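Colleague: In our numbering, the protein residues as written are 255 to 487.
Ideal placement from N, C-alpha and C gives every residue a C-beta, glycine not left out.
Small disclaimer: the values here were computed from a predicted structure and weren't measured.
(1) With a CB to CB cut of under 6 Å and the five nearest residues on each side skipped, what residues in its chain are close to residue 442?
(2) How would you label residue 308, buried or exposed, when you count the other beta carbons within 10 angstroms and need 16 or more for buried?
(3) How many angstroms separate the CA atom of residue 306 from the CA atom of residue 262?
(4) Name, in chain order, the residues that DSSP records as bridge partners for residue 310.
(5) For residue 339 and residue 348, what's the separation of their Cα atoms in angstroms?
(6) Are the CB atoms of residue 406 and residue 449 within a distance shorter than 7 Å?
(7) Measuring CB to CB, does residue 329 end up less than 7 Å from residue 362?
(8) By alpha-carbon positions, which one of 395, 318, 266, 323 ends up nearest to residue 354?
(9) If I'm right that residue 256 touches residue 299 with Cβ under 8 Å, what's the distance once you round it to whole angstroms?
(10) Which residue wins for smallest C-alpha separation from residue 399, given the options 332, 311, 291?
(11) So, is residue 461 buried or exposed, given that buried needs 16 or more other C-beta atoms within 10 angstroms?
(12) Does DSSP put residue 472 in a helix, in a strand, or in coil?
(13) Return helix, strand or coil for residue 372, following the three-state DSSP convention.
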């Protein structure tokens, strides 16, 4: 999904038409406020921002997205040159100055999508209502987006591929973590606690649980026979 943020009908309509003509799904926002809300609550492979927006400045929006740790590359549409790229603090990755052709636009779009891989090329891991994309370092549970560190991605990948069975700390140390990662029992418990806080938000059915035998288990809770106490927490 591409997020297109712009308030000028002509250029924004042209960009939207070109993206749709090439089969790329697009979400549109007309202002800084709407665009920021969309970027924070949904995942996008690319964000296209118009330089001048009705309620603010596109460059400032880029910097806000950078501070919020939005990972999608950013293409800025500008009416004049001179805007720094993201090599400057929080700037866009690419700037396309109007007027431009459809071919010029799509060349930039393809190049930026290649930074993260397009949607069709990415196959997230799934468990219940959780999706994890190991290549991009994100997870999503329903509409809630979760940003993950590299070690958290490795741990969740291991849990998903070994779902619904006991997993000991020794297994995690030997199979989920890289050789250079800190793998003491206390460090593993802290790491799992951090992942659990991210994955299991308030009101959601828990996916990561501690068993009575001190092992961990990941996945939807199995059905319990009537009258039997639930043994996982």
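Modeller: With the structure as the only source:
(1) Closer than 6 Å at Cβ, skipping near neighbours: 423, 426.
(2) Per the 10 Å Cβ criterion, exposed.
(3) Spanning the two alpha carbons is a distance of roughly 8 Å.
(4) Answer is 307.
(5) Note that residue 339 has pLDDT 48, beneath the 50 cutoff, so the model's placement of it is unreliable and the number below is only indicative. Rounded to the nearest whole angstrom, the C-alpha separation of residue 339 and residue 348 is 6 Å.
(6) Cβ atoms of residue 449 and residue 406: closer than 7 Å.
(7) Their beta carbons are under 7 Å apart, which means residue 329 touches residue 362 by this criterion.
(8) Here the closest residue by C-alpha is 266.
(9) That pair is a contact at about 6 Å.
(10) Taking only the C-alpha atoms, the option nearest residue 399 is 291.
(11) It is buried - the Cβ of residue 461 has at least 16 other Cβ atoms within 10 Å.
(12) Strand at residue 472.
(13) Summary for residue 372: the model assigns pLDDT 44, below 50, so the residue's position carries little reliability; its value from the coordinates is reported in the next sentence. Coil.
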